[in-house]
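S.K.: Here the sequence shown is numbered in my numbering, starting from -5 and rising by one per residue.
Here a beta-carbon is modelled for each residue, glycine too, at the ideal position from N, C-alpha and C.
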Amino acid sequence: MNVFEMTINDLHIALKGKQISSVEATSAMLERIESVEPQVGSFITVTPEVALAAAKEADQRIASGNCHLLTGIPLAIKDIFLTEGIRTTCGSRILDNFIPPYSATSWEKLRNLGAVLLGKLNQDEFAMGSSNESSAYGVTRNPWDTTCIPGGSSGGSAAAVAARQAIATLGTDTGGSIRQPASHCGCVGLKPTYGRVSRYGVIAYASSLDQVGPLTRDVADCAVMLEALAGHDPKDSTSVDTPVPDYTSALKRGVKGLKIGLPKEYFIAGLDPDVQSAMAAAIETYRRLGAEFVDITLPHTDYAVATYYLIATAEASSNLARYDGVRFGHRAEADSLLDMYTKSRSEGFGSEVKRRIMLGTYALSSGYYDAYYVKAQKVRTLIMDDFTKAFADVDLMLTPVAPTPAFKIGEKVNDPLQMYLSDIFTIPVNLAGTCAMSLPAGFSSSGLPIGLQLIGKPFGEETLLQAGYAFEQATEWHTRKATI
Ligand code: GLN
């Protein structure tokens, strides 16, 4: 098997058995990146020297017998994660050439275990988008059909896994940005419960919604990555101090007797027929495996997208105030201080980011604060309550990830509302703060991957992984590969 086709678990066995060194594996990955990158465009920055130096160190660690599952494994991460000494743009011109002085905790944890950084992945600017088209560094193409979007905002993270440019990647999810691209690119993506993984050093979009998570080839790798990432971080006061389970040992528990809820608001008319049949087949598979299905309701689902676009934009308008041309990134030439602020921001931000700063500023302005921001917070509580009530009767929920498979590049760029509706099934999970996972569950008639979403209780990641693994053992969707 080619190195770039391997999972973390495969490559770990090969490294430990000395069939291959990490330097050889890393070199093979770098060659693979170079050969497919012109067609895919997953990366903003490739870091060959950093990668080879880390691989060399990993080989010494492996030789000394001090080897974790991630030691020597070549990974790539979204360009939203700060990496000490390595350019971090967050997909924005305003951070072009920004070199962070420290690293995100999540990346640091992986690096300390010996993981190798191949580079920084393309994304929508400041993680605002569902198609990767708002990046200032060019579009990323879907490896299954390069005329289609890979999803967003972690589009580069999903495309790199699908195009076999990295063994696994890291993304972030504020309203669906791990799950939706994972679904469109046929990989596994997990958004942990809010507080499960540190957000320290992750460039903030909407701080009450953002979470870090892995994108992988299969569920077993997802368990390995989550276990490495999870845990309390004194540098992030919102990270929670609850013990990290052994996620890998949860995998084989099966689904017999598990109660899975089907929220009726997620199985609506207008769902793409291929998505609909993939969901029906998945339900059948789970039934066969011994799970029990229960019809449930999440009555405030209709309000989720509107609520999200008030809360997320309000938080973004505040978080993005720091990009003023003084402390970070792009600074425009101007005669006065005010002109310098205005010009730097006008030149540095793209149009989607500007739209959201304006929306958020409006929602927070004194005359409208109660009518929009406060109201949205109240509705958020109702949405959370929907989940709490429904989870009294079920262990998990099963839904589609997105209403359609990947759409064409350019199809929705001029229609923000249509673009926002891509996340209709993923956004409620972020508002509720709970965890969810996207799994490969079939293909459309035109050969595009379709994902299945499992939603878990807060800190119920073990159940997600257990149910995901059982599905994967019973199906072969995750073994198919994009022909790129
Ligand atoms: N597509 C959603 C948005 O544009 C979600 C993005 C995300 O999860 N970062 O805000």
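(1) Hey, would you say F465 sits closer than 9 Å to L283, going by beta carbons?
(2) Ends of the alpha helix (DSSP H) at I38?
(3) Check for me: the beta strand (DSSP E) holding S432 runs from which residue to which?
(4) Enumerated in chain order, which unbroken segments of the beta strand (DSSP E) with a length of 3 residues or greater are wholly contained in the stretch 170 to 256?
(5) Taking 8 Å as the cut-off, is the CB of S97 close to at least one heavy atom of the ligand GLN?
(6) Within the present structure, is the beta-carbon of T166 separated from the nearest heavy atom of the ligand GLN by less than 8 Å?
(7) Tell me the DSSP secondary structure of Q447 in three-state form.
(8) Going by Cα to Cα distance, which pick from S86, V213, A386, E309 is closest to G180?
(9) Should S36 be listed as close to the ligand GLN, given that the test is whether its C-beta is under 8 Å from any heavy atom?
(10) In angstroms, rounded to a whole number, what distance separates the CA positions of E78 and V388?
(11) If distances are taken between C-alpha atoms only, which option among T242, N116, Q33, S233 comes closest to D139?
(12) Which residue's Cα is closest to the Cα of M23: A435, V155, L256, M273?
(13) Taking all protein chains shown into account, do 16 or more other C-beta atoms lie within 10 angstroms of the C-beta of P267, making it buried, or fewer, making it exposed?
(14) I'd like to know whether the C-beta atoms of S171 and D118 end up nearer to each other than 9 Å.
(15) Out of curiosity, what's the CA-to-CA distance linking Q159 and Y363?
(16) Using a Cβ-Cβ cutoff of less than 7 Å, which residues in the same chain neighbour A222 once the five nearest sequence positions on both sides are dropped?
(17) Closer than 8 Å to a non-hydrogen atom of the ligand GLN - does that hold for the CB of G123?
(18) Just to confirm, does S432 get its C-beta within under 8 Å of one of the non-hydrogen atoms of the ligand GLN?
(19) Would you mind working out which of I2, A47, C142 sits nearest G441, comparing C-alpha positions?
(20) Would you report the Cα separation of S360 and L265, rounded to the nearest angstrom?
(21) Output needed for L245: all residues of its chain with C-beta closer than 8 Å, excluding positions within five of it in sequence on either side, in chain order.
(22) Which partner residues does D393 have in the DSSP bridge list?
(23) Please list the terminal residues of the continuous alpha helix (DSSP H) segment that includes T166.
(24) Which same chain residues, not among the five before or five after A70, have their C-beta less than 6 Å away from its C-beta?
(25) Alpha carbon to alpha carbon, what distance is there between Q412 and K402?
(26) Does the stretch 78 to 95 touch the stretch 312 to 324, meaning 3 or more C-beta pairs lie closer than 8 Å?
(27) Looking at V110: is its Cβ nearer than 9 Å to the Cβ of S36?
(28) Drop a sphere of 10 angstroms on the beta-carbon of G497, count the other beta-carbons inside from all chains shown, and report buried for 16 or more, exposed for fewer.
(29) Among P257, Y199, G195, which residue has its Cα nearest to the Cα of P228?
(30) May I ask you to report which of helix, strand or coil DSSP gives G344?
(31) Can you tell me whether DSSP reads P410 as helix, strand or coil?
(32) Per the contact definition of three or more C-beta pairs closer than 8 Å, is the stretch 444 to 456 in contact with the stretch 284 to 296?
(33) Kindly examine the ligand GLN and report whether one of its heavy atoms sits closer than 8 Å to the Cβ of D118.
(34) Residues bridged to I80 by DSSP?
(35) Identify the residues that DSSP records as bridge partners of V110: which are they?
M.R.: Taking the definition as stated:
(1) Taking 9 Å as the Cβ cut-off, F465 and L283 qualify as a contacting pair.
(2) I38 -> not in any alpha helix (DSSP H); beta strand (DSSP E) instead, spanning 37 to 40.
(3) Run containing S432: 429 to 437, per the beta strand (DSSP E) assignment.
(4) Taking only runs of at least 3 residues, the beta strand (DSSP E) segments lying wholly in the stretch 170 to 256 are 182 to 185, 205 to 210.
(5) Within 8 Å of the C-beta of S97 there is not a single heavy atom belonging to the ligand GLN.
(6) Result yes, Cβ under 8 Å from the ligand GLN.
(7) Q447 falls in the strand class under three-state DSSP.
(8) Residue V213 is the option with its Cα nearest to G180.
(9) No; taking the cut-off as 8 Å, the Cβ of S36 has no heavy atom of the ligand GLN nearer than that.
(10) CA-to-CA, the gap between E78 and V388 works out to about 43 Å.
(11) With distances taken between Cα atoms, D139 lies closest to Q33.
(12) Selected option, being the one with the closest Cα: V155.
(13) P267 should be labelled exposed.
(14) With a cutoff of 9 Å on beta-carbon distance, S171 and D118 are scored as near each other.
(15) For Q159 and Y363, the distance between alpha carbons rounds to 45 Å.
(16) Around A222: L64, K103, L104, L107.
(17) At least one heavy atom of the ligand GLN is nearer than 8 Å to the Cβ of G123, so yes.
(18) Annotation for S432 indicates a beta carbon at 8 Å or more from all heavy atoms of the ligand GLN.
(19) Comparing Cα-Cα distances from G441 to each of I2, A47, C142, the minimum goes to C142.
(20) Straight across, the Cα-Cα distance linking S360 with L265 is about 39 Å.
(21) Hits under 8 Å: V213, A214, A217, L459, Q460, Y463.
(22) The sequence as given places Thr at residue 393; Asp does not occur at that position. Beta-bridge pairing links T393 to Q447.
(23) Per DSSP, T166 belongs to no alpha helix (DSSP H); it is in the beta strand (DSSP E), 162 to 167.
(24) Apart from the 5 residues on each side of it in sequence, A70 sits with its Cβ closer than 6 Å to the Cβ of L112, G113, L115, A154, A160, T163 in its chain, given in chain order.
(25) Rounded to the nearest angstrom, the two C-alpha atoms are 13 Å apart.
(26) Yes, the stretch 312 to 324 is in contact with the stretch 78 to 95.
(27) Result no, Cβ atoms of V110 and S36 do not sit closer than 9 Å.
(28) Only positions -5 to 478 of the chain appear in the structure, and residue 497 is not among them; the question remains open.
(29) Checking every option, the nearest Cα to that of P228 belongs to G195.
(30) Three-state result, G344: coil.
(31) Residue state, collapsed to three classes: helix.
(32) Contact between the stretch 284 to 296 and the stretch 444 to 456 is absent, because fewer than three Cβ pairs lie under 8 Å.
(33) At least one heavy atom of the ligand GLN is nearer than 8 Å to the Cβ of D118, so yes.
(34) T77.
(35) Paired residues: P68.
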